[in-house]
Amino acid sequence: MLSHEAMGLTKGLQRRSAADKLGANVFQKLGRRCIHVTRRFPLGDVVHNEHYMFTMGRSTVNDAGEIIERLKARFRVDSDSDLAAKLMISRSSVANWRNRNSVPDRYQRVAEGDINWSAFSTGIVDMSLVESAAMRLAMLRLMRDFGDIAKDYRAFLERSGQAAATWPIYWSKACKDVQEAMAESGSDDAFNIVSLIAYDEVFAAK
1 MLSHEAMGLT
11 KGLQRRSAAD
21 KLGANVFQKL
31 GRRCIHVTRR
41 FPLGDVVHNE
51 HYMFTMGRST
61 VNDAGEIIER
71 LKARFRVDSD
81 SDLAAKLMIS
91 RSSVANWRNR
101 NSVPDRYQRV
111 AEGDINWSAF
121 STGIVDMSLV
131 ESAAMRLAML
141 RLMRDFGDIA
151 KDYRAFLERS
161 GQAAATWPIY
171 WSKACKDVQE
181 AMAESGSDDA
191 FNIVSLIAYD
201 EVFAAK
């Protein structure tokens, strides 16, 4: 049974917006799926070593250009730039797919209609090393900015929905930052790059 204080706080915050409720639902799903994240954000497609790329895997189409054209048709766009915007990836990613003649498996499945992009999620095993490393950085930043929701009940009720709703943005930004730092340093070690960024952003000042 809730304490009188908790009941009072809860009643005072019952009129949360629909967006907050949606965010809370997303937050619960993240926990149940061990952070199977809704794919509405850019992922680590631009990489510096073949080891980070997904293979052609399940697809029966072996031409990257054809897969890209299918994706364009699916999203009703004409240019590579517009497709990148729809997929929320960098514009150079599509060019890299063409140059390598290799499209990440998850995007192939979208092109083939195997999955609905709006409900598309991935697990740890489906991530590239860049994406997996970036998740660590995103989690650190999220905890830094929303750490109070685990310490204060009112903060949890007021801000947990916002934290859940902004998680994709945090991961998107982390992927971009890791990719840029790898390019600048010439390093292929995504996890080392994340360690350096984390130290500079969070721990150096302590």
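Using full-length UniProt numbering, read the sequence shown as starting at 1 and increasing by one per residue. Even glycine gets a Cβ: it sits at the ideal position worked out from N, Cα and C.
- By the neighbour-count criterion, in which a residue is buried when 16 or more other Cβ atoms sit within 10 angstroms of its Cβ, S79 is exposed.
- Residue environment analysis places G65 among the exposed positions, since fewer than 16 neighbouring C-beta atoms fall within 10 angstroms of its C-beta.
- Within its own chain, the residues whose Cβ lies closer than 6 Å to the Cβ of R141, once the five positions on either side in sequence are excluded, are Y170, listed in chain order.
- Membership of K176 in the alpha helix (DSSP H) is indicated by the continuous run 153 to 185.
- In the three-state scheme derived from DSSP, where H, G and I count as helix and E and B as strand, V202 is classed as helix.
- The three-state reading of DSSP puts S102 in coil, since its state is none of H, G, I, E or B.
- Straight across, the Cα-Cα distance linking K86 with F75 is about 7 Å.
- Collapsing the DSSP output to three states places D148 in a helix.
- Here DSSP, grouped into helix, strand and coil, assigns S92 to helix.
- By the criterion of at least three beta-carbon pairs nearer than 8 Å, the segment 179 to 197 is not in contact with the segment 148 to 165.
- If the five residues before and after Y107 are omitted, its C-beta is found closer than 6 Å to no C-beta atom of its own chain.
- Nearest in C-alpha terms to W167, of all of R136, V94, I197, N192, is R136.
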